[in-house]
Amino acid sequence: MPRCLDGGPLLDVNFSSTFGGGRAPTVSSTPRGPIIYFRVKAPKILLLCILAAMSAMLICCRTLPDLEGRSVTTALADTADTRLGHAIAPVARAHPDKSGVFALADGRDAFAARALLARAADRSIDVQYYIWRHDMSGTLLFEELHDAADRGVRVRLLLDDNNTTGLDAILSMLDAHPNIEVRLFNPFMHRRVRALGFLTDFARLNRRMHNKSFTVDNQVTIVGGRNVGDEYFDAGQGPLFVDLDAMAVGPVVNDVSKDFDRYWASDSSYPVERILPRVDPRTIAALSSEALLVERDPAAAEYTEAIARLPFVRDLQASRLALEWATTHMVSDDPAKGLGRAADDVQVAQRLREIRGASTHELQLISPYFVPTAEGVEALAELARHDVDITILTNSLEATDVAAVHAGYAKRRRRLLENGIVLYEMKRSLSPPPALTDRGLPGSSGSSLHAKTFSVDRSRIFIGSFNFDPRSAHLNTENGFVIESPAMSKVLADAFFSSIPARAYQVRLSNAGSLQWIERRDGETLVHDEEPGAGFWRRAGVFILSLLPIEWLL
4 MPRCLDGGPL LDVNFSSTFG GGRAPTVSST PRGPIIYFRV KAPKILLLCI
54 LAAMSAMLIC CRTLPDLEGR SVTTALADTA DTRLGHAIAP VARAHPDKSG
104 VFALADGRDA FAARALLARA ADRSIDVQYY IWRHDMSGTL LFEELHDAAD
154 RGVRVRLLLD DNNTTGLDAI LSMLDAHPNI EVRLFNPFMH RRVRALGFLT
204 DFARLNRRMH NKSFTVDNQV TIVGGRNVGD EYFDAGQGPL FVDLDAMAVG
254 PVVNDVSKDF DRYWASDSSY PVERILPRVD PRTIAALSSE ALLVERDPAA
304 AEYTEAIARL PFVRDLQASR LALEWATTHM VSDDPAKGLG RAADDVQVAQ
354 RLREIRGAST HELQLISPYF VPTAEGVEAL AELARHDVDI TILTNSLEAT
404 DVAAVHAGYA KRRRRLLENG IVLYEMKRSL SPPPALTDRG LPGSSGSSLH
454 AKTFSVDRSR IFIGSFNFDP RSAHLNTENG FVIESPAMSK VLADAFFSSI
504 PARAYQVRLS NAGSLQWIER RDGETLVHDE EPGAGFWRRA GVFILSLLPI
554 EWLL
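Just add 3 to the spot in the sequence shown (first one is 1) and you have my numbering.
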């Protein structure tokens, strides 16, 4: 297995040999990637039989199809005569060479923006995501794309194939529409047991497209940290992700469209018709009925009614959103990174290192999966030695959805604190829920941080998909905006002095040099000597993981 600097989909292989029955690998999926479990409860002879059966299945695995003859399409440039074009042109002319940006911190606003833009589309919709859930919000947005296609809008949908389990029939049905084309990035050819793909093609499948963008008529785009699913849009009753997007108009939209074209035409992008079987009319009818049931479900009706009442929706429909007009730069990895063919010195990680390293006074960073590595700690320490005040917010152990990633961060905490860096760790739950508007920090009563952003010297801010970990730096493709906006940057910086302390534990070193977690609750200050909200076995598991040489996987 080739050694990658930053890993990728977390490979967690657990062998527990006892007498009795056994079973084949099971796979679960997280936003970080698939986790593969082998639970073996069998004598050696049965294990050999299982391995033999797996080998036979591998022999039958299909190879990737040829890309020869793949259709060639590009973003539509002449869209000034669309409804969105007419609405944007007057305000854009008043701010030449700048882009208008609006931060989408609330999950329901983020869903409403995508749905309303899809309904406003006249010519084209280009969509690129790492995760698209087969749940209520995912189904509703699929329907928005389908409805737009029925109106004659050209829809291009590019999904990373790591998290499309259960979507094959839906993607084939969408692709069968004359106005919709679907492509999969780094696809799995063995569709039923995807873990087998890692055994035969790990070097490729361990590289994923983590980019997120939603662009309509080449006039408006949404870029940021959110995938598509209920946990990202404050929908349903399950745990939620605290996330952040940026909706933009103006020159940067064309940059996003050009970047989408690069990925659409890349050697990792495969037409779904060459990967998946076609769906028959009976399956299409069944899927349409299923989607209708979701739309008519009382929970969906309640959600869409609540969306319709949002002040954001009224402001967007009335063209009175308070856009921040600023010089905005699109940053994105070369899609060749998905095949290990891109140079590190021209990627997002290098660009962000340069911006972060240019800070002279303050650096505030928010990252859900923060794995700084020894090199990253030294870079931050060097900034701190030059009197840069550095504050970081990441997930606490109780809040993280990937404990192994927390292990990669936890073993670096002491060194960060010793260099004067301030650390906060997001609590799992909030009571009562904070305000969801104009706070700078994305928020909900959800359970886990998912936003990726940082502020430099209260002058510029990054919003995007990049996790500050080795995996984003060297393996996954990423994208985002660097916005030259003192106003937006100041809001994020101020959050570390206003809302964040009440919503997170501050980690510090005691007089004796041990770690402590400071919690502010109901006007009181509580001191925890162990990681709060996490039991003994969870803490022990993270400690063991921190000793293992797996940082390159995180």
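Glycine residues also receive a C-beta, built at the ideal position from the N, C-alpha and C atoms.
Remember, predicted model here, so these are calculated numbers, not experimental data.
In chain order, what residues of the same chain lie with their CB nearer than 6 Å to the CB of Thr-400, ignoring the 5 residues before and after it?
For the purposes of this step, residue 400 is identified with residue 397 of the sequence shown, where counting begins at 1. First, the amino acid is wrong: residue 400 is Leu here, not Thr. Contacts found: His-409, Glu-534 and Ala-537.
What runs of the alpha helix (DSSP H), each 4 residues or longer, lie entirely inside the segment 475 to 557?
Runs of the alpha helix (DSSP H) inside the segment 475 to 557: 489 to 498, 503 to 506 and 539 to 550.
Distance between Phe-315 and Ala-118 (C-alpha atoms, nearest Å):
Position 115 of the sequence shown, counted from the start, is the residue given in the question as residue 118. Position 312 of the sequence shown, counted from the start, is the residue given in the question as residue 315. Each residue's CA atom was taken as its position, placing Ala-118 and Phe-315 some 13 Å apart.
Starting from the Cα of Pro-274, find the closest Cα among Ser-451, Asp-163 and Phe-201 and give me that residue.
If you number the sequence shown from 1, residue 274 lands on position 271. With distances taken between Cα atoms, Pro-274 lies closest to Asp-163.
May I ask you to report which of helix, strand or coil DSSP gives Gly-227?
If you number the sequence shown from 1, residue 227 lands on position 224. Residue state for Gly-227 is assigned as strand, using DSSP reduced to three classes.
Verify whether the separation of the beta carbon atoms of Ala-496 and Arg-523 is less than 8 Å.
The residue you call residue 496 lines up with position 493 of the sequence shown. The residue you call residue 523 lines up with position 520 of the sequence shown. No, they are not a contact pair.
How close, in whole Å, do the beta carbons of Asn-482 and Gly-467 come, if the pair is a contact with beta carbons under 8 Å?
For the purposes of this step, residue 482 is taken as the residue at position 479 of the sequence shown. For the purposes of this step, residue 467 is taken as the residue at position 464 of the sequence shown. Confirmed, about 6 Å.
Which of the three DSSP states is assigned to Gly-239 in this structure?
Within the sequence shown, residue 239 is the residue found at index 236, counting from 1. In the three-state reduction of the DSSP assignment, Gly-239 falls in the coil class, being assigned neither a helical nor a strand state.
Mapping DSSP to helix, strand and coil, what is Ile-183?
Taking the sequence shown and counting its residues from 1, one reaches residue 183 at position 180. Strand at Ile-183.
Out of Pro-190, Phe-205 and Ala-152, point me to the one whose CA is closest to Pro-2's CA.
A query on residue 2 cannot be resolved here, the shown segment of the chain reaching from 4 to 557 and no further.
Comparing the C-beta of Gly-200 with each C-beta of chain B, is any distance below 8 Å?
Absent from the structure is chain B; it holds one protein chain and no more.
Any idea if Phe-546 is buried or exposed, counting beta-carbon neighbours within 10 angstroms, 16 or more meaning buried?
For the purposes of this step, residue 546 is taken as residue 543 along the sequence shown, with counting starting at 1. A residue is called buried once 16 or more other Cβ atoms fall within 10 Å of its Cβ, and Phe-546, having fewer, is exposed.
On the DSSP letters alone, give me the boundaries of the alpha helix (DSSP H) that Pro-301 sits inside.
The sequence position of residue 301 within the sequence shown is 298, counting from 1. According to the DSSP assignment, Pro-301 belongs to the alpha helix (DSSP H) that extends over 301 to 311.
Quick check on DSSP: helix, strand or coil for Met-429?
Indexing the sequence shown from 1 puts residue 429 at position 426. Residue state, collapsed to three classes: strand.
I need the straight-line Cα distance from Ala-179 to Arg-154, nearest angstrom please.
Here residue 179 corresponds to residue number 176 of the sequence shown, with the count starting at 1. Here residue 154 corresponds to residue number 151 of the sequence shown, with the count starting at 1. Near 16 Å, if we compare the C-alpha coordinates of Arg-154 and Ala-179.
How big is the Cα-Cα spacing for Arg-511 and Ala-505?
The residue labelled residue 511 in the question sits at position 508 within the sequence shown. The residue labelled residue 505 in the question sits at position 502 within the sequence shown. Straight-line Cα distance between these residues: approximately 16 Å.
Any contact of the segment 228 to 243 with the segment 102 to 122, i.e. 3+ C-beta pairs under 8 Å?
Taking a cut-off of 8 Å on C-beta distances, the segment 228 to 243 touches the segment 102 to 122, as three or more cross pairs fall below it.
Out of Ala-507, Ile-503, Tyr-508 and Asp-532, which has the shortest C-alpha to C-alpha gap to Gly-516?
Along the sequence shown, read from residue 1 onward, the residue named residue 516 stands at position 513. Measuring from the Cα of Gly-516, the nearest candidate turns out to be Asp-532.
Classify Asp-472 as helix, strand or coil using the three-state DSSP reduction.
In the sequence shown, counting from the first residue as 1, residue 472 sits at position 469. Asp-472 sits in coil when the DSSP states are folded into three classes, being neither helix nor strand.
What are the partner residues of Val-408, as DSSP defines its beta bridges?
Numbered from its first residue, the sequence shown carries residue 408 at position 405. DSSP lists no partner for Val-408.
If you drop the 5 nearest sequence neighbours on each side, which residues of the same chain put their C-beta closer than 6 Å to that of Leu-452?
Within the sequence shown, the letter at position 449 stands for residue 452. Excluding five sequence positions before and after Leu-452, the CB atoms of its chain that fall closer than 6 Å to its own CB belong to Val-245, Pro-371, Asn-398 and Met-429, given in chain order.
To the nearest angstrom, how far is the alpha carbon of Asp-348 from that of Leu-355?
On the sequence shown, position 345 is the one that residue 348 refers to. On the sequence shown, position 352 is the one that residue 355 refers to. Each residue's alpha carbon lies about 11 Å from the other.
Can you check whether the CB of Val-259 is closer than 8 Å to the CB of Ala-95?
Within the sequence shown, the letter at position 92 stands for residue 95. Within the sequence shown, the letter at position 256 stands for residue 259. Not a contact, by the Cβ cut-off of 8 Å.
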